[in-house]
Amino acid sequence: LRDLVQKGSAAASSADSARGILDSCSTACVAHGLALPRVLQERSVEGHTPVYWAIVNRRRSAAANASTSTNGGVEGEKEDEDILFALLAYAAPLLPASVADMRLACLVTADNALFQRLRVSPAVNPLSGTDRMLLSGLRDNAGDGSDLAEASNRWKGPGINTFGDIADVREGEHNANVDAGTFNVHIELPMFQRRMRVSNEISLEFIARGRLWLLCFFIVPPSSPPPSTSGSSSPLSSAGRRVFSSLHTSDPTHNSIPDAARAAPVMRRRRPSRRRRARAGTAPRTAAAAQTLDLDLVVVVDLVVVVVVVVDVPIPLLHPHVR
1 LRDLVQKGSA
11 AASSADSARG
21 ILDSCSTACV
31 AHGLALPRVL
41 QERSVEGHTP
51 VYWAIVNRRR
61 SAAANASTST
71 NGGVEGEKED
81 EDILFALLAY
91 AAPLLPASVA
101 DMRLACLVTA
111 DNALFQRLRV
121 SPAVNPLSGT
131 DRMLLSGLRD
141 NAGDGSDLAE
151 ASNRWKGPGI
161 NTFGDIADVR
171 EGEHNANVDA
181 GTFNVHIELP
191 MFQRRMRVSN
201 EISLEFIARG
211 RLWLLCFFIV
221 PPSSPPPSTS
231 GSSSPLSSAG
241 RRVFSSLHTS
251 DPTHNSIPDA
261 ARAAPVMRRR
271 RPSRRRRARA
281 GTAPRTAAAA
291 QTLDLDLVVV
301 VDLVVVVVVV
311 VDVPIPLLHP
321 HVR
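Mind the numbering: the sequence shown is residues 1 to 323 in UniProt numbering, read in order.
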């Protein structure tokens with residue numbers, strides 16, 4: 001297994017050879033009364049699992065190095081030939097400790113594209129029963145030309161859960177007038193309003209600038225006043241810290257972000273342009289398209305300020321205390 005995940009090793013020349021080695025390991029485990037999934041999830045290679053080293057030593061394509069987009073691309077097309085996914089197929093079902101080790105490997109390599117593909121995989125992060133009930137129509141709507149169908153089709157591939165949300169991270173797309181610590185994130189959340197009404201919370205993780213970020217939408221109970229994000233209140237004030245106090249942790253392998261207590265998202269409704277207002281009386285958008293939250297996230301890392309711009313989503317319809 002060490003030779004299999006070691007970069008440059010002859011055993012790791014192709015996924016086909018990896019499957020042959022794993023088949024031999026499976027036969028040997030059966031002969032000695034061992035379970036191969038358990039062996040693959042032991043921290044037997046320098047304190048980590050073989051899957052961890054498969055991620056760290058994974059060769060990223062030139063397209064993936066230029067952008068951490070999650071819309072498939074070269075990685076999605078060659079997923080069947082990837083040694084990592086061969087290991088995951090033999091290691092299933094995954095234990096929570098193994099998933100945490102995989103998350104850490106993605107964070108070490110700052111590979112958001114792979115992190116997103118693993119995050120929406122049923123073996124790594126299965127949908128909750130509520131989300132599965134709400135999003136089951138995405139497969140049925142595939143090919144109808146709606147925004148939801150387009151988002152769903154991006155994720156089609158072996159072992160990939162097509163219900164996943166999209167977090168497209170773009171680093172390095174800045175000019176001389178923009179700080180080098182800025183990165184852009186394009187996020188699509190299918191069935192946003194309905195999921196908020198039913199689940200009251202939607203969270204999305206992504207990796208950018210070597211950090212693991214968590215963007216969480218939630219509904220403040222009517223009895224609790226919403227945190228102030230206007231006037232003299234700063235995103236770094238105590239009001240913002242209270243919002244994220246329950247999310248703070250020093251362990252990046254869990255479902256949270258480092259130093260989360262210092263980041264407060266600010267939602268701003270983008271005013272429609274004159275052209276958009278002029279065509280307000282035209283044919284309405286499809287129900288599926290209206291259900292998709294499409295927003296751009298601009299983050300300044302040095303100040304740890306998160307600004308969210310919401311486009312074409314009637315947020316007041318959810319609840320007067322949505323932040």
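Glycine included, C-beta positions come from ideal geometry on N, C-alpha and C.
Note to self: Assuming contact is defined by CB atoms lying nearer than 8 Å, are C216 and S203 in contact in what I supplied?
What the structure shows: yes
Next item on the list: Compare the Cα-Cα distances from V220 to each of D23, L95, M196, N125 and report the closest residue.
Entry: M196
Next item on the list: Could you check what DSSP says for V243 in three-state terms: helix, strand or coil?
Entry: With a pLDDT of 35 at V243, under the threshold of 50, the modelled position of that residue is not reliable, and no figure is offered here.
Check: What did DSSP end up calling V120 once you bin it into helix, strand or coil?
Finding: coil
Notebook entry, point to check: Okay, do the segment 86–98 and the segment 187–194 touch, 3+ Cβ pairs below 8 Å being the bar?
Noted result: no
Next item on the list: Label A28 either buried or exposed according to how many other C-beta atoms from any shown protein chain fall within 10 Å of its C-beta, with 16 as the threshold for buried.
Entry: exposed
Note to self: Could you compute how far the alpha carbon of L84 sits from the alpha carbon of V45?
What the structure shows: 15 Å
Check: A105: buried (16+ other C-beta within 10 angstroms of its C-beta) or exposed?
Finding: buried
Next item on the list: Enumerate in chain order the residues of its own chain whose CB-to-CB distance from R19 is below 7 Å, with the five nearest sequence positions on each side excluded.
Entry: A86
Margin query: Could you tell me the alpha carbon to alpha carbon distance between T109 and P50, rounded to whole angstroms?
Written below: 15 Å
Next item on the list: State the start and end residues of the unbroken beta strand (DSSP E) segment that holds V185.
Entry: 182–189
Notebook entry, point to check: From M133, T182, A35, pick the residue whose C-alpha is nearest to that of R211; which is it?
Noted result: T182
Next item on the list: Mark S121 as exposed unless 16 or more other C-beta atoms lie within 10 angstroms of its C-beta, in which case mark it buried.
Entry: buried
Check: Just how far apart, CA to CA, sit R129 and L22?
Finding: The displayed chain sequence assigns Gly, not Arg, to residue 129. Approximately 33 Å, taken between the alpha carbons.
Next item on the list: Helix, strand or coil for R170, going by three-state DSSP, please let me know.
Entry: strand
Check: In whole angstroms, what separates the C-alpha of D3 from that of L88?
Finding: 17 Å
Notebook entry, point to check: Any idea which residues DSSP pairs L212 with across the strands?
Noted result: I207
Notebook entry, point to check: D3 by DSSP, collapsed to three states: which one?
Noted result: helix
Checklist line | Rounded distance between the beta-carbons of W213 and E201, thought under 8 Å | finding: Rounded, the Cβ-Cβ distance is 17 Å, inconsistent with contact.
Next item on the list: Determine, using beta carbons only, whether M102 and I166 come nearer to each other than 8 Å.
Entry: no
Item checked: Straight-line gap, M133 to P222 (C-alpha atoms, nearest Å) -> 27 Å
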